[in-house]
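**Q** I am attaching a structure below and will ask some questions about it afterwards.
There are 2 protein chains.
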Amino acid sequence: MKFSKIKQHIYSKIASGEWPENHPVSSENALANQFSVSRMTARRALQELADEGLVIRSKGSGTYVAPLKSQTSFMAIRNIADEIRARNHDYEAHVHTLKQVPASLQVAEQLGLEPGAPVFYSVIAHSENGLPVQVEERYVNPMVAADYLRQDFTYITPHEYLSAVAPLTEASHQIEAVTPSAQVCDWLELTKPEPCLRIIRRTWSDAGVVTYAVLTHPGSRFVLGGHLTFKP
Amino acid sequence: MKFSKIKQHIYSKIASGEWPENHPVSSENALANQFSVSRMTARRALQELADEGLVIRSKGSGTYVAPLKSQTSFMAIRNIADEIRARNHDYEAHVHTLKQVPASLQVAEQLGLEPGAPVFYSVIAHSENGLPVQVEERYVNPMVAADYLRQDFTYITPHEYLSAVAPLTEASHQIEAVTPSAQVCDWLELTKPEPCLRIIRRTWSDAGVVTYAVLTHPGSRFVLGGHLTFKP
DNA sequence: TAGTGGTCTAGACCACTTT
DNA sequence: AAGTGGTCTAGACCACTAT
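So the protein sequences, as listed, match chains A and B.
With the first letter of the first sequence counted as 1, position 29 gets the number 28 in numbering that gives the first Met the number 0; the numbers rise by one all the way through.
With the first letter of the second sequence counted as 1, position 23 gets the number 22 in numbering that gives the first Met the number 0; the numbers rise by one all the way through.
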């Protein structure tokens with residue numbers, strides 16, 4: 000397929016960082032010449048990228064790499080740090096744990112590894128205006144993020160880092176309401192247990208399962224929102 | 000726009016029920032003739048409807064109205080009855096309340112009405128294999144569903160009924176974890192309070208806000224799942 | 001074999017933005 | 001005025017499905 004070769008070309012420019020946010024993308028005519036296709040075919044590539052939210056097209060002006068925050072719609076892979084900063088609140092991360100551990104049965108299954116295989120494990124509490132709003136327990140496949148343990152997660156979130164080293168292609172979520180364990184209460188600075196929203200997320204890149212994360216939010220401090228439109 | 004006239008035409012056939020699930024949709028060539036446009040333009044209309052999940056296209060065979068369940072992707076407007084039946088479990092609905100009430104301040108604001116204006120109110124518990132898994136408290140705008148109170152909600156869910164009388168065009172969700180009230184515990188047959196997942200949903204049709212619903216699920220009996228793909 | 005959707009071409013005109 | 005994206009046309013060839 001010619002149009003998908005063009006998409007791949009642009010996708011790699013974006014994924015590699017060569018074209019950062021708001022960077023102009025070649026025009027329909029330029030791509031048509033470059034790839035020796037008709038304008039309609041180049042157009043289709045750009046149109047699909049726009050539908051997927053990777054680029055923004057604007058009439059008379061051109062096509063640009065979309066700001067990351069607009070790249071997915073509902074319940075997307077959000078970056079909690081950006082969300083908090085978008086509300087003009089203080090964001091702070093406390094790294095409670097960052098080490099290598101042997102995979103438990105459950106973790107091995109989720110990551111597609113053998114039980115006992117080494118995996119990276121981190122526990123980070125994310126605070127808004129000094130109050131923890133999420134504790135993130137994360138298991139990472141060492142194959143796809145070998146330098147995970149050497150990152151400073153007070154400056155970059157695991158999600159940001161992992162997206163950079165292994166662009167994600169797929170994600171699944173589970174959302175449930177739970178009573179937090181004593182350990183989680185401690186991380187969230189909850190004096191007594193209260194209902195918590197738990198999001199379990201697995202993400203994939205081309206190289207396989209990247210990470211398995213359990214995100215716990217205190218019910219009193221967090222609401223998940225979303226919006227859907229059905230354009231007939 | 001010519002392609003959007005074609006989309007409207009097909010959309011109304013589906014919304015009116017004239018074309019039920021799996022009903023064949025006119026072919027690209029047929030639509031091109033009927034609307035006096037080129038095949039590429041008719042094609043675009045069908046393609047966009049397919050992208051929106053309203054129709055399924057299959058090479059060599061034709062285009063068909065999509066089964067309702069596949070019409071939205073993640074966290075979509077699900078029909079709890081269908082979901083339970085899809086698991087081959089027993090589904091049962093208990094209608095606890097179905098009446099007209101004056102809108103409270105909060106409800107009036109959510110529905111875009113004056114406080115004190117009459118609204119329809121229903122409380123229905125949805126059970127899977129005899130165990131309540133969701134209690135649905137719903138406020139309905141009487142302007143868009145005048146016959147709401149005369150429905151038998153043990154046979155059709157409010158969501159199904161409202162979709163039929165006012166095709167929804169937009170929806171917003173909030174998800175949070177809460178401790179249920181004594182009243183909700185009663186409806187859910189919970190002997191003691193446990194963390195519950197609460198989904199607050201507002202839906203719109205062309206005529207305005209249709210309904211404001213509070214859906215409460217016991218944490219021990221319910222998990223919300225979803226899947227995202229980023230096709231480069 | 002006839003019909004369907006999937007892909008592609010080489011033009012065209014328009015409304016819009018940028019310079 | 002030049003360039004861009006948005007829409008549309010009238011063809012074409014292909015792979016697939018149904019009969």
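C-beta: ideal position from N, C-alpha, C; glycine also.
For S11 of chain A, which option in A:L48, A:V36, A:R42, A:R38 has the closest C-alpha, if you only look at C-alpha atoms?
**A** The residue given as residue 11 of chain A occupies position 12 in the first sequence. It is A:L48 whose Cα lies nearest to the Cα of S11 of chain A.
**Q** So W186 of chain A is in the alpha helix (DSSP H); what residue range does that whole segment cover?
**A** For the purposes of this step, residue 186 of chain A is identified with residue 187 of the first sequence, where counting begins at 1. Here the alpha helix (DSSP H) through W186 of chain A covers 181-186.
**Q** Which residues in the same chain as P141 of chain A place their Cβ atom closer than 8 Å to its Cβ, once the five residues preceding and following it in sequence are excluded?
**A** Looking up residue 141 of chain A in the first sequence gives position 142. So the list reads Q99, P117, V118, F119, Y147, once near-sequence residues are dropped.
**Q** In the DSSP output, what is A124 of chain A paired with across the bridge?
**A** In the first sequence, counting from the first residue as 1, residue 124 of chain A sits at position 125. According to DSSP, A124 of chain A bridges with A:H93, A:V134.
**Q** In whole angstroms, what is the alpha-carbon distance linking Q46 of chain A and G61 of chain A?
**A** Against the first sequence, residue 46 of chain A aligns to sequence position 47. Against the first sequence, residue 61 of chain A aligns to sequence position 62. If you take the alpha carbons of Q46 of chain A and G61 of chain A, they lie about 12 Å apart.
**Q** Taking 8 Å as the CB-CB limit, is C184 of chain B close to chain A?
**A** One-based indexing of the second sequence puts residue 184 of chain B at position 185. It does not: the Cβ of C184 of chain B has no partner Cβ on chain A nearer than 8 Å.
**Q** At least one CB of chain A closer than 8 Å to the CB of T178 of chain B: is that the case?
**A** Start at 1 with the first residue of the second sequence, and residue 178 of chain B comes out as number 179. By this cut-off, T178 of chain B is an interface position.
**Q** Hey, how far is the Cα of V208 of chain A from the Cα of A41 of chain B?
**A** Residue 208 of chain A sits at position 209 when you count from the first residue of the first sequence. Residue 41 of chain B sits at position 42 when you count from the first residue of the second sequence. Whole-angstrom Cα-Cα distance: 40 Å.
**Q** Three-state secondary structure (DSSP) at Q99 of chain B?
**A** The residue labelled residue 99 of chain B in the question sits at position 100 within the second sequence. In the structure shown, Q99 of chain B sits in a strand (DSSP, three-state: E or B).
**Q** Going by beta-carbon coordinates alone, are A238 of chain A and V106 of chain A separated by less than 8 Å?
**A** As shown, chain A starts at 0 and ends at 231. That puts residue 238 of chain A outside it, with no answer to give.
**Q** Please compile the residues from chain A whose C-beta is within a distance smaller than 9 Å of the C-beta of D50 of chain B.
**A** The residue labelled residue 50 of chain B in the question sits at position 51 within the second sequence. Within 9 Å Cβ-Cβ: D50.
**Q** Please state the DSSP three-state secondary structure of I83 of chain B.
**A** Against the second sequence, residue 83 of chain B aligns to sequence position 84. Here I83 of chain B sits in helix by DSSP.
**Q** Using a Cβ-Cβ cut-off of 8 Å (strictly less than) and excluding sequence neighbours within five positions of A92 of chain B, which residues of its own chain qualify?
**A** Taking the second sequence and counting its residues from 1, the one referred to as residue 92 of chain B is at position 93. Around A92 of chain B: A80, I123, A124, H125, S126, F152, T153, T156.
**Q** Name the DSSP bridge partner or partners of V213 of chain B?
**A** By 1-based counting over the second sequence, the position of residue 213 of chain B is 214. Paired residue(s): B:E136, B:I199.
**Q** Can you look up S11 of chain A in the DSSP assignment and give me helix, strand or coil?
**A** Indexing the first sequence from 1 puts residue 11 of chain A at position 12. If DSSP states are grouped into helix, strand and coil, S11 of chain A belongs with the helices.
**Q** Hey, out of B:I198, B:E193, B:E175, whose CA is closest to V213 of chain B's CA?
**A** In the second sequence, residue 213 of chain B corresponds to position 214, counting from 1. Comparing Cα positions, the closest option is B:I198.
**Q** With a cut-off of 8 Å on the beta carbons, I'd call G115 of chain A and A102 of chain A a contact; round off their distance for me.
**A** Counting from one through the first sequence, the residue named residue 115 of chain A turns up at place 116. Counting from one through the first sequence, the residue named residue 102 of chain A turns up at place 103. Their Cβ separation, rounded to whole angstroms, is 6 Å, which keeps G115 of chain A and A102 of chain A in contact under 8 Å.
**Q** Can you give me the start and stop residues for the beta strand (DSSP E) that R42 of chain B sits inside?
**A** What you label residue 42 of chain B is simply residue 43 of the second sequence in a count that begins at 1. Careful: R42 of chain B lies outside any beta strand (DSSP E), inside the alpha helix (DSSP H) at 38-50.
**Q** Check the C-beta distance from P194 of chain A over to A176 of chain A and give it rounded, since I have them as a contact under 8 Å.
**A** Numbered from its first residue, the first sequence carries residue 194 of chain A at position 195. Numbered from its first residue, the first sequence carries residue 176 of chain A at position 177. About 5 Å; that satisfies the 8 Å criterion.
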